[in-house]
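Asks: Residue numbers (this note's numbering), protein chains in the order written: chain A, 525 to 1039; chain B, 5 to 269. First the structure, then my questions, so here it is.
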């Protein structure tokens, strides 16, 4: 019944629209003043798979903070449509779709798929910025006096600082990208099998103690970063280097080293690692940790949280450790595409509002609860529900015996000690540690920049050399055998084809003779 | 006959022809274009010569051939006796038995490989020690029905009087098999071989799922595409296509009979 009313309304609206066009032509902007006609903005959003709360929570799945309950009823992008109408008076419809990897998204874009708002990782944002794909955020977006500018009002000062101190061709990240989720990389490990000290280094990939029991990511950037840290381990962990006044800048330089010699060294390291590891995994690493097939897994912090949660359901405990050399600080952020937004200011307003809507503390909490990753949103003095959620999640019970103070002030923007909570001691190695790493981990984090075209080709070739069966690595006798076998096969095949061709010709001749 | 004027059975083929043009022929030209151009859009044969001079791509080709060859051989070794016994026996519920062999295909293959992974883990302990063997087992498990069915169909269509004639002429049961049954079942074998060999060269999902980190042709193409290198990726696809054409021609040569066994699938 309601459906048919809706359909009728649409019909009526379109009829009105049709009549209003000539009217507009005659009487100036007549249609603009008429309140009954609404233009619908279509916002095409492309996000990672399973990277937004889609609502539909169970009744008992409420996050019951003291300041009020938080509950996911509908998908966030659907709730946004209502919110936008209430706040901006315009109808917007979100076309929500997903991508699997940054490279896949980039290929989709270059092949002509059009989106308005997408959420790639930092290096892809850099690539898109350098290739002039993006529309900058408007000045209004950064005005913290506007109540609806939730992003600017709530983004963590730590993330804000990162976005304002990194640039591509002189353009700051903050002008083009608004953060969404962030994290670090490290090793998820089984504390019964591996010691914390053993796994807190990138050299773990070649550790013979974990022979065939450790998995790495099947992805060239993560593997490259890991190998860099391993081959430079001594330098990166030396007191002299760590106490250098320009430590952060120098670390970032080292972890973005793409010189030919380094690529060659990385190749050697990864080839050795390949002989030592269980496998390079795309998605099986978490499950293999939980089922105990492997004892350690190089992993993104958010996925590590997910794996630790899953394991705990079976009373099985996994830990997370960040290598002492460095860790890859990564972000995913919302960027607006020129091809989609263009000059359409109404659309841009809707896109920016979408980012703001996702940055409302309650929505950031819903996302964190649903996907396990850490939101860039920290809240502000008036609304500190994100910190409240953290306490709700991790604070030690009164009867807990081993507790410790955990300081996350760097993220929430205060002097050390402003944002501390009392947590069970084990959380300094588990979910909390992965979600909000302590300040000393943050200090040794490094952003990994995008590779330019030539570097990308060189590094991809390096990666292929790691993964392929190299003909030259074959003993000479076997090589000759292989060539002989192949040649033999070719001869057989050619003969078979020749014979059948001959047979067919003869058949045809017989047929003709018979006729 | 009473066929309506102007209607020919040929017209029924139009939907397929359209499908073929859009989804097979057209993409083929796109692949051709990319394979013979460089990043700036200029014609080049560098990708082709690159393929045949890089020890990595050649090694991958060899490794894929080795995987495909071993899988096919193992499939054949298992399938032929099974198909022969099934086709020759006088069992009452033969079709039920055949169905039992086809049944695994009703279950999604990633699900089957995941189950196999757990079984192999129980047997071997750590899968990472035998990546090649596990890949062969996985592929064989996956492709076995494609080999059994065509052979079974071919043998069951065999005219039994030929065997009686062979016996009349003094052939023992082995001779009769070697000189009558075996040659006459070759079309089924050929059909089975082409249905197993070709997918085995590219089905890297099985390798991924069973923790074999070595690339085969399919994964190599994927790695080029994810580095935005359409040109080298397309060239590898093209080389693969050439191999497929050759293998198909070769197996067709052994397969005079037009009835393909895969019809049951």
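We treat Cβ as the ideally placed atom computed from N, Cα and C, and that holds for glycine. Keep in mind the model is a prediction, meaning the values are calculated, not measured.
Quick one: is residue 1020 (chain A) near chain B, going by C-beta distance under 8 Å?
Replies: It does: the Cβ of residue 1020 (chain A) has a partner Cβ on chain B nearer than 8 Å.
Asks: Which chain A residues are close to residue 224 (chain B), counting only those with a beta carbon under 9 Å from its beta carbon?
Replies: Ordered by position in chain A, the residues that pass the 9 Å Cβ test against residue 224 (chain B) are 988, 991, 992.
Asks: Going by alpha carbons, who is nearest to residue 586 (chain A) out of A:668, A:601, A:893?
Replies: When each option's Cα is compared against that of residue 586 (chain A), the closest is A:893.
Asks: Here's the rule I'm using: 16 or more other beta-carbon atoms within 10 Å means buried, otherwise exposed. How should residue 270 (chain B) be labelled?
Replies: Residue 270 (chain B) lies beyond the stretch modelled for chain B, which goes from 5 to 269, so this question has no answer here.
Asks: Decide if residue 110 (chain B) is buried, meaning its Cβ has at least 16 other Cβ atoms within 10 Å, or exposed.
Replies: It counts as exposed.
Asks: If we cut at 8 Å on Cβ distances, does residue 176 (chain B) have a partner in chain A?
Replies: Not one chain A Cβ lies under 8 Å of residue 176 (chain B).
Asks: Please report the straight-line C-alpha distance between residue 985 (chain A) and residue 760 (chain A), rounded to a whole angstrom.
Replies: When rounded, the distance between both Cα atoms is 26 Å.
Asks: What first and last residue would you give for the alpha helix (DSSP H) that runs through residue 1008 (chain A)?
Replies: Residue 1008 (chain A) -> alpha helix (DSSP H) spans 1000-1038.
Asks: Quick check: what's the CA-CA separation for residue 133 (chain B) versus residue 240 (chain B)?
Replies: Straight-line Cα distance between these residues: approximately 29 Å.
Asks: Out of A:860, A:773, A:754, A:881, which one is the CA nearest neighbour of residue 612 (chain A)?
Replies: Checking every option, the nearest Cα to that of residue 612 (chain A) belongs to A:881.
Asks: Could you compute how far the alpha carbon of residue 250 (chain B) sits from the alpha carbon of residue 1022 (chain A)?
Replies: Approximately 12 Å, taken between the alpha carbons.
Asks: Ignoring anything shorter than 3 residues, give me the beta strand (DSSP E) runs that lie fully in the region 573-601 of chain A, in order along the chain.
Replies: Whole beta strand (DSSP E) segments, 3+ residues: 587-589, 592-594.
Asks: Going by the beta-carbon positions, is the gap between residue 581 (chain A) and residue 595 (chain A) smaller than 8 Å?
Replies: In contact: residue 581 (chain A) and residue 595 (chain A) (Cβ atoms closer than 8 Å).
Asks: Quick check on DSSP: helix, strand or coil for residue 616 (chain A)?
Replies: Correct three-state label for residue 616 (chain A): strand.
Asks: Using the three-state DSSP reduction, which class does residue 730 (chain A) fall into: helix, strand or coil?
Replies: Of the three classes helix, strand and coil, the one that applies to residue 730 (chain A) here is helix, per DSSP.
Asks: Hey, is residue 788 (chain A)'s beta-carbon within less than 8 Å of any beta-carbon in chain B?
Replies: Cβ-Cβ to chain B under 8 Å: no for residue 788 (chain A).
Asks: Measuring alpha carbon to alpha carbon, tell me which residue in A:773, A:751, A:771, A:995 is nearest residue 788 (chain A).
Replies: If we check each option's Cα against that of residue 788 (chain A), A:751 comes out closest.
Asks: Counting along the chain, where does the beta strand (DSSP E) carrying residue 110 (chain B) start and finish?
Replies: Taken as a continuous stretch (DSSP letters only), residue 110 (chain B) belongs to no beta strand (DSSP E), as it is neither H nor E.
Asks: Considering only residues of the same chain and omitting the five flanking positions on each side of residue 551 (chain A), which have a CB-CB separation below 7 Å?
Replies: Because the pLDDT at residue 551 (chain A) is just 34, under 50, the model does not fix this residue reliably, and the value given afterwards should be weighed accordingly. Excluding positions up to five away in sequence, the list is empty.
Asks: At a Cβ threshold of 8 Å, is residue 1017 (chain A) touching chain B?
Replies: Residue 1017 (chain A) counts as touching chain B.
Asks: Output yes if chain B places a C-beta closer than 8 Å to the C-beta of residue 557 (chain A); else output no.
Replies: Because residue 557 (chain A) carries a pLDDT of 43, less than 50, the predicted location of this residue cannot be relied on, and no value is offered for it.
Asks: How long is the line joining the alpha carbons of residue 687 (chain A) and residue 851 (chain A), rounded to whole angstroms?
Replies: Roughly 18 Å separates the two Cα atoms.
Asks: Using a beta-carbon distance cut-off of less than 8 Å, what residues from the region 601-631 of chain A approach chain B?
Replies: The residues in question are 625, 627, 628, 630, 631.
Asks: If you measure from the beta carbon of residue 568 (chain A) to each beta carbon in chain B, is any gap under 8 Å?
Replies: No, because no Cβ of chain B sits closer than 8 Å to the Cβ of residue 568 (chain A).
Asks: Just checking: is the beta-carbon of residue 803 (chain A) within a distance shorter than 8 Å of some beta-carbon in chain B?
Replies: True, the Cβ-Cβ gap to chain B drops below 8 Å.
Asks: Going by DSSP, what residues sit across from residue 621 (chain A) in a beta bridge?
Replies: DSSP output for residue 621 (chain A) lists A:570 as bridge partner(s).
Asks: Would you report the Cα separation of residue 1001 (chain A) and residue 148 (chain B), rounded to the nearest angstrom?
Replies: Those two C-alpha atoms are separated by around 33 Å.
Asks: Closer than 7 Å to a non-hydrogen atom of the ligand GDP - does that hold for the CB of residue 585 (chain A)?
Replies: As far as ligands go, the structure on display features none, and thus does not contain the ligand GDP.
Asks: Quick one, are the C-beta atoms of residue 971 (chain A) and residue 699 (chain A) less than 8 Å apart?
Replies: Not closer than 8 Å, so no.
Asks: Kindly list, in the order they appear in chain B, the residues whose Cβ is closer than 9 Å to that of residue 806 (chain A).
Replies: Chain B residues near residue 806 (chain A): 212.
Asks: Is residue 201 (chain B) close to chain E, meaning its C-beta is less than 8 Å from at least one C-beta of that chain?
Replies: Looking at the structure shown, chain E is missing, and the protein chains on hand are A and B.
Asks: Looking at the secondary structure, which residues open and close the alpha helix (DSSP H) in which residue 808 (chain A) lies?
Replies: No alpha helix (DSSP H) holds residue 808 (chain A); DSSP gives it neither H nor E.
Asks: Leaving out five residues on either side along the sequence, give the residues of the same chain with a beta carbon under 7 Å from the beta carbon of residue 609 (chain A).
Replies: Same-chain partners within the cutoff: 615.
Asks: Beta-carbon within less than 7 Å of residue 913 (chain A)'s beta-carbon, same chain only, minus the 5 sequence neighbours each way: which residues are those?
Replies: Excluding residues within five positions, the ones whose Cβ falls inside 7 Å are 587, 589, 889.
Asks: Specify the secondary structure class of residue 972 (chain A) as computed by DSSP and reduced to three states.
Replies: Coil.
Asks: Mind checking the region 817-830 of chain A against chain B and listing, in chain order, the residues whose C-beta falls within less than 8 Å of any C-beta there?
Replies: For the region 817-830 of chain A, which is checked against every Cβ of chain B, the residues closer than 8 Å are 817.
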